[in-house]
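Following the UniProt record's numbering, the numbering of the sequence shown begins with 1 at its first residue and continues without gaps.
Have a look at the structure below before the remarks.
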Amino acid sequence: MKKIVVFVAGFLLISSFTVTNRVEKLIQKEIKSVFSIETYTKETISVSKEINETLPIKISEENFFKIVSNKELKGYYFISKGFGKTDYFDFIVIFNKDLIVTKIKVLVYREDHGGEIGSRRWLKQFIGLKTDKKINYQDDITAISGATLSAKSITNQVNKILKTVHILHQQKQL
């Protein structure tokens, strides 16, 4: 029995690193593609505690990064989660250095229904958004039959990300 527990614990530990590694590779691929670069470094963004408390989404060492290539700022990316009908999904929003959304991609979708939000065609509605823009589901963002909850969720999360980045820019934290 003890061997089974150790095996299962080891398997889960290895599996969790595999998922993280897979997601990290997806992120790297998207960043390299968006900015047409081969190499880059990601730098965490530090925010004062006082400002962080005012943000719609709190900044941590795991969700918001600068993208630097050859000592030049290329842009930023924000990793976030949305909630579908029964489970969370992970997605990334990539901004250029002028804080305009240049790419949004669903990285991990854990449900059987609603995965349509991952289609490039639907996600391109977010491209070009500036941080001072507030978007509305069904007005600015087309609804998706069968993915209503996921589509509303990602729209709401993108709004929070836009507002968060806008506040950080206004507070000269970027």
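Every residue gets a Cβ at the ideal spot worked out from N, C-alpha and C, and that includes glycine.
*Nearest to Lys-152 by CA position, among Leu-162, Phe-95, Gln-138 and Ile-161, is which residue?*
When each option's Cα is compared against that of Lys-152, the closest is Gln-138.
*Have a look at Phe-64, Lys-105 and Ile-117 and flag the residue whose alpha-carbon is nearest the alpha-carbon of Arg-144.*
Looking at the sequence provided, one finds Ile at residue 144 rather than Arg. Comparing Cα-Cα distances from Ile-144 to each of Phe-64, Lys-105 and Ile-117, the minimum goes to Ile-117.
*asked:* I'd like to confirm the pairing. Which residues does DSSP put opposite Thr-44 in its beta bridges?
replied: Phe-65
*Do the stretch 49-58 and the stretch 157-173 meet, that is, are 3 or more Cβ pairs less than 8 Å apart?*
yes
*asked:* Comparing C-alpha positions only, which one of Lys-66, Glu-62 and Lys-105 sits nearest to Tyr-77?
replied: Lys-66
_Of the residues Phe-89, Val-93 and Ser-36, the one placed nearest Ser-150, counting alpha carbons only_ = Phe-89
_Of the residues His-113, Lys-163, Val-108 and Tyr-40, the one placed nearest Leu-73, counting alpha carbons only_ = Tyr-40
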